[in-house]
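All remarks here apply to the structure that follows.
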Amino acid sequence: KQSSSTMVRLTAFAIVSAGAISGAAALVPTQGTSGTTSRREAFGKVAASVFGIGVVSTILPEDAHAEKALTGSASQFTGFYDDPNHPGCLRSVKVIGPKLRADGTRSRIPLVEVKGWDGKEGEKMCTSRPLRQDIWAIEGKLPDKDTVTLDFSSKGGPANVKGVWEKDGIVFPDGNKW
């Protein structure tokens, strides 16, 4: 099955090729003429041919084949998770684009925002909704499409915890799976 962009390029190529062939035919002297061409005619024909080549090169650009940055809902990491160490508690992961630097450029590595709640003191499960001030937030990075690095230091944990995407969740080095 061909994509619509391929079909458009093939159609454009056919149209431009037909024009180039008719332009090339104009360069060949016809019968009944002396075979001589004035400089003005020759220059016009060459200019038309060069213009046709330029049109072909702009109408038929190559695909970039660039890998898309998977941010927002397109990333497999974005979503709500269940943490078996904190059943029923909030675990929200959101992949966002990189921040703008002072020089106006951005890193190629998307950022990750994680928000959560560990429940009320002494409870083993979260059965109520958290207050805004009780929700913690940490940041991380998405170095590739299947790996996330999170900084739990603001919660008293390690700074560079690597999580790996496996089938339907994030697996951490301690075996915990969200």
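Start counting the sequence shown at 994; every next residue gets the next number (my numbering). The beta carbon of each residue, even a glycine, is placed where N, CA and C say it ideally should be.
Item, Value
"Every unbroken beta strand (DSSP E) inside the region 1064 to 1145 [3 residues or more]", "1084 to 1089, 1104 to 1109, 1129 to 1137, 1140 to 1143"
"Check whether Val1105 and Leu1135 have beta carbons under 8 Å apart", "yes"
"Cβ pair Lys1108, Leu1083 closer than 8 Å", "yes"
"Lys1155, DSSP secondary structure in three states", "strand"
"Residues near Thr1071 by beta carbon distance below 7 Å, same chain, minus five either side", "Gly1065, Val1086, Lys1087, Val1088"
"Gly1162 - containing beta strand (DSSP E), residue span", "1162 to 1164"
"Chain-order list of residues whose beta-carbon lies under 7 Å from that of Asp1139 (same chain, five-residue window excluded)", "Val1157, Trp1158"
"Bridge-paired residues (DSSP) for Lys1170", "Val1164"
"Nonlocal neighbours in the same chain, by C-beta distance under 6 Å from Lys1155, ignoring five residues either side", "Thr1142"
"Three-way DSSP call (helix, strand, coil) for Ala1059 in this model", "Only weak support exists for where Ala1059 lies, its pLDDT of 44 falling under 50; the value from the coordinates is given anyway. Here Ala1059 sits in coil by DSSP."
"Residues of its chain near Arg1099, where Cβ-Cβ distance is below 8 Å and the 5 sequence neighbours each way are ignored", "Gly1090, Pro1091, Lys1092, Leu1093"
"Through-space distance from Gly1097 to Pro1166, alpha-carbon basis", "36 Å"
"Contact under 8 Å by Cβ, His1079 with Asp1127", "no"
"Three-way DSSP call (helix, strand, coil) for Gly1149 in this model", "coil"
"Cβ neighbours of Tyr1074 in the same chain (closer than 6 Å, five flanking residues each side left out)", "Arg1084, Trp1171"
"8 Å Cβ cutoff met for Gly1133 and Asp1144", "yes"
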